[in-house]
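Notes to accompany the following structure.
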Amino acid sequence: MEKYYHSVTLNEEKCRGCTNCIKRCPTEAIRVRKSKARIIDERCIDCGECIRICPYHAKNAITDPVEAIYKFRYTIAIPAPSLYGQYKTVFSRNRILNAFKPMGFDRVYEVARAAEIVSEATRKLLKKENIKKPLISSACPAVVRLIQVRFPSLIDNVVKLESPMEVAAKIAKNKAAHEENIPLEEIGVFFISPCAAKATSVKVPYGAAKSNVDGVISIKDIYLKLLNSMERNPVREDLEQACQEGIRWANPSGESSALGTEKFLAVDGIHNVITILEEIENDRLEDIDFVEALACTGGCLGGPLTVENAYVAKNRLGRHIEEARLKGISKSRNEKIEDDLVWTGSIEHKPVMKLDTDLVKAMKKLEALELINDGLPGLDCGACGAPSCRALAEDIVRGNANETDCIFKLREKVRDLAAQMVELEAKMPPVMDKSGDSQEQVKKQR
Amino acid sequence: MSGKVIKLHFTIDAHDFSLAGEASSSTKKMLNQLGISPLIIKKAAIAMYEAEINAFIHANGGEADVEIGVDRIVITVRDEGPGIADLDLAMQEGYSTAPDKVRELGFGAGMGLPNMKRYSDRLEIKTEVGRGTTVTMTVYVREG
Ligand SMILES: Nc1ncnc2c1ncn2[C@@H]1O[C@H](COP(=O)(O)OP(=O)(O)O)[C@@H](O)[C@H]1O
Ligand code: SF4
Ligand SMILES: [Mg+2]
């Protein structure tokens, strides 16, 4: 694996080199060079903002094609709860779940069910003493990466429990291996994902050495196939395992409302999340024990790989939640694997904003940066390909850009050069000066 | 302070509440760019934030100067506000004279000065009723 892996990618052919994405990126990870957007790998947190904002659909996330399931002898689909909000409500949750099997999946296990297990573990964690509050949910991997690059002092606040996706994969895989007597390596678990960041966390998990998920299929890619399958095939069995508590996780504050405390704060949208993390860093968040922060506006229902508008999806999910509540599916399933929920790995500070590893050199660069920034027009116009004047100044001290990338600076330079040229032109060497002294005298006389 | 020093200067403009905390926020970004350890940044940023907010809500604004050296960060927040009559009282946790409208915005919990003391390694306050207040905070930059 590369040192800095991330899922969000650019389709060069579609990119027109506009500046929509560079302005939107919360970590200033995009620059436009030679009319194409470039992602600075180590800064990308896979929040998907650029995927949503790009008017030419040039940004996407690397996920697996649906056909990837054929590589495994036995396959399990683990759909995110946000999937249920994508289809019209005539399609019940059970019908959606049943549609996976005719497509070639051998089993289906709801991530929503695993979410309930994570909720239970989080409730226990909240009761523990000596934990750093507020706890910050680790359910959204984009937020965890944001904390790693921009809010390192909050790393200790992050809930170090496996995500519902990981828990679902682990349970489903072990169960299948046991019941069908198949070696674990021959079982492929596929997460049906609204999310680019989850695709990354499968490739480079932060909580464990290796993910139990074998592939990530985007909701966008599977949407139509699943719809066809639903329309063609009858519902054969009862595949619902989760109750409303788990399905709710797709909504902002869904995770929090399962915790049995009012002392929570739920925030969605990456720029709102940044504001709240700033508040926590400044010790300003009083009387809050738990923070649920989701990078996408509307939570995972607003994930970059979804199909339906987040607000429409929210209404639909609401009906599935209500239906599940009425059914009140028993939670007494013997899948409690809480002890294993705690991360075996850890998350580290990624000082990607650092100007130099040597403090004195970094200080010199910062000084140079400030000086250059003072000389720039401060319009943050984006024409240089950087999101702001200050970002250009930073690129210049890092050696990745030139002052003349700023069109105003370039004009200034051209003007100076033009003035110099005029001056030089007047200073013709005497041997070539055909006008001779006589004209000079004429001028003086005037 | 010996060796290389970076000097930053900010004006704390009390006219726009949405700007409250800007100076400490920019300072934090720069400390991050210098690669200073997160814990030190946190200490400096909180201490500075509280002093900045105090100048903002109690003294109608002021100025902030930050000196970043290889071994320490020195933050000075200066205002020409009403000054603090009883500093010992003001240092107590929970003590606040902030008016209701300020409290409604979530400020005025009376934890500012105690936090400045807690998060800085050295705190010096010069204040005179009717003339203003100058708070100087030092945070040492130790590696690791
Ligand atoms: N810069 C200042 N100018 C005038 N008074 C101040 C200043 N800083 C603090 N004070 C006084 O000290 C009190 C306590 O300050 P602090 O601990 O920051 O709490 P808070 O700001 O929440 O009131 C304030 O309520 C105010 O009366
Ligand atoms: S909010 Fe959900 S979909 Fe969006 S990045 Fe976070 S986990 Fe992924
Ligand atoms: Mg205060």
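Read top to bottom, the protein sequences are chains A and B. In this text, residue positions in the first sequence follow the numbering used here: the first is 7, and each later residue adds one. In this text, residue positions in the second sequence follow the numbering used here: the first is 440, and each later residue adds one. We put the beta carbon where it would ideally sit given N, CA and C, even for glycine.
Listed by chain order, chain A residues near residue i by CB distance under 8 angstroms
i, result
"residue 469 (chain B)", "372"
"residue 531 (chain B)", "Ordered by position in chain A, no residue passes the 8 angstroms Cβ test against residue 531 (chain B), which lies about 17 angstroms from the chain."
"residue 443 (chain B)", "366, 369, 370"
"residue 579 (chain B)", "Those do not exist, as residue 579 (chain B) stays about 13 angstroms from chain A at its closest Cβ, beyond 8 angstroms."
"residue 559 (chain B)", "Going along chain A, no residue has its Cβ under 8 angstroms from residue 559 (chain B), so there is no contact; the nearest lies around 14 angstroms."
"residue 574 (chain B)", "Within 8 angstroms Cβ-Cβ: nothing; residue 574 (chain B) doesn't reach chain A, min ~16 angstroms."
Proximal chain B residues relative to residue i, where beta-carbon distance stays under 7 angstroms
i, result
"residue 310 (chain A)", "The premise fails here: residue 310 (chain A) is roughly 27 angstroms from chain B at the closest Cβ pair, so nothing lies under 7 angstroms."
"residue 159 (chain A)", "477, 478, 480, 481"
"residue 289 (chain A)", "485, 554"
Contacts of residue i in chain A (Cβ-Cβ under 9 angstroms)
i, result
"residue 474 (chain B)", "357, 359, 360, 361, 362, 363, 364, 365, 368"
Cβ distance (whole Å) where residue i is taken to contact residue j below 8 angstroms
i, j, result
"residue 349 (chain A)", "residue 166 (chain A)", "4 angstroms"
"residue 522 (chain B)", "residue 571 (chain B)", "6 angstroms"
"residue 225 (chain A)", "residue 200 (chain A)", "5 angstroms"
"residue 210 (chain A)", "residue 175 (chain A)", "At roughly 16 angstroms, the Cβ-Cβ gap does not stay under 8 angstroms, so residue 210 (chain A) and residue 175 (chain A) are not in contact."
"residue 514 (chain B)", "residue 483 (chain B)", "7 angstroms"
"residue 454 (chain A)", "residue 299 (chain A)", "It is not possible to answer for residue 454 (chain A), since the shown part of chain A is limited to 7 through 452."
"residue 71 (chain A)", "residue 53 (chain A)", "That pair is no contact at about 23 angstroms."
"residue 317 (chain A)", "residue 304 (chain A)", "7 angstroms"
"residue 3 (chain A)", "residue 51 (chain A)", "Past the edges of chain A, shown from 7 to 452, lies residue 3 (chain A), and the structure says nothing about it."
"residue 158 (chain A)", "residue 117 (chain A)", "Not quite, the Cβ-Cβ distance comes to about 29 angstroms (not below 8 angstroms), so this is no contact."
"residue 519 (chain B)", "residue 450 (chain B)", "About 13 angstroms; that fails the 8 angstroms criterion."
"residue 59 (chain A)", "residue 16 (chain A)", "Wrong, their Cβ atoms sit about 13 angstroms apart, outside the cutoff."
"residue 120 (chain A)", "residue 161 (chain A)", "At roughly 24 angstroms, the Cβ-Cβ gap does not stay under 8 angstroms, so residue 120 (chain A) and residue 161 (chain A) are not in contact."
"residue 490 (chain B)", "residue 576 (chain B)", "7 angstroms"
"residue 212 (chain A)", "residue 353 (chain A)", "5 angstroms"
"residue 56 (chain A)", "residue 96 (chain A)", "The Cβ separation is near 34 angstroms, so there is no contact."
"residue 445 (chain B)", "residue 373 (chain A)", "6 angstroms"
"residue 313 (chain A)", "residue 101 (chain A)", "So it is not a contact: roughly 17 angstroms between Cβ atoms."
Partners in chain A for residue i, counting only beta-carbon separations shorter than 7 angstroms
i, result
"residue 457 (chain B)", "Chain A residues near residue 457 (chain B): none, gap ~11 angstroms exceeds 7 angstroms."
"residue 509 (chain B)", "365, 366"
Neighbour flag for residue i against chain C, beta carbons, 9 angstroms
i, result
"residue 332 (chain A)", "Here the protein chains are A and B, and chain C is not one of them."
Handout entry: Ranges of the beta strand (DSSP E) found wholly within the region 248 to 292 of chain A, counting only runs of at least 3
Key = Counting whole runs of 3 or more residues, the region 248 to 292 of chain A contains the beta strand (DSSP E) stretches 270 to 274.
Exercise for the section: Name, going along the chain, the residues of the region 275 to 299 of chain A whose beta-carbon falls closer than 8 angstroms to a beta-carbon of chain B. Expected result: Taking 8 angstroms as the Cβ-Cβ cut-off against chain B, the residues of the region 275 to 299 of chain A that qualify are 284, 287, 288, 289, 290, 292.
Handout entry: Runs of beta strand (DSSP E) lying entirely within the region 446 to 530 of chain B, each at least 3 residues, in chain order
Key = Segments of the beta strand (DSSP E) lying fully in the region 446 to 530 of chain B: 501 to 508, 511 to 518.
Exercise for the section: Check each residue of the region 532 to 549 of chain B: if its Cβ is closer than 8 angstroms to any Cβ of chain A, include it; give the result in chain order. Expected result: Cβ contacts with chain A come from 545, 548.
Handout entry: Start-end ranges of the alpha helix (DSSP H) lying completely within the region 289 to 339 of chain A, minimum 4 residues
Key = Annotation: the region 289 to 339 of chain A contains the following complete segments of the alpha helix (DSSP H) (minimum length 4 residues), in chain order: 316 to 333.
Exercise for the section: Identify every run of the alpha helix (DSSP H) within the region 364 to 418 of chain A, keeping only runs that are complete inside it and at least 4 residues long; order them along the chain. Expected result: Listed in chain order, the complete alpha helix (DSSP H) runs (minimum 4 residues) inside the region 364 to 418 of chain A are 365 to 381, 395 to 403.
Handout entry: Completely contained alpha helix (DSSP H) runs for the region 168 to 209 of chain A, where each covers 4 or more residues
Key = Scanning the region 168 to 209 of chain A for uninterrupted alpha helix (DSSP H) segments of 4 residues or longer gives 170 to 186, 202 to 209, listed from N- to C-terminal end.
Practice task
Only counting runs of 4 or more residues, tell me where the alpha helix (DSSP H) segments fall wholly within the region 12 to 45 of chain A, in order along the chain.
Solution key: As far as the region 12 to 45 of chain A is concerned, its whole alpha helix (DSSP H) runs of at least 4 residues are 26 to 30.
Handout entry: Beta carbon shell of ligand 2 at less than 5 angstroms from a heavy atom
Key = Those satisfying the condition are, in chain order, A:146, A:148, A:200, A:201, A:203, A:300, A:301, A:302, A:306, A:309.
Exercise for the section: May I have a chain-ordered list of the alpha helix (DSSP H) segments no shorter than 4 residues that lie completely inside the region 129 to 175 of chain A? Expected result: Within the region 129 to 175 of chain A, the complete alpha helix (DSSP H) runs of at least 4 residues are 147 to 156.
Exercise for the section: Let me have the residue list for ligand 3: C-beta closer than 5 angstroms to any non-hydrogen atom, ordered along the chain. Expected result: The set of residues with a C-beta under 5 angstroms from any non-hydrogen atom of ligand 3 comprises B:493, B:551, given in chain order.
Handout entry: Any alpha helix (DSSP H) of 4 or more consecutive residues that is wholly inside the region 32 to 118 of chain A
Key = Contiguous alpha helix (DSSP H) elements confined to the region 32 to 118 of chain A occur at 55 to 59, 99 to 104, taking only those with 4 or more residues.
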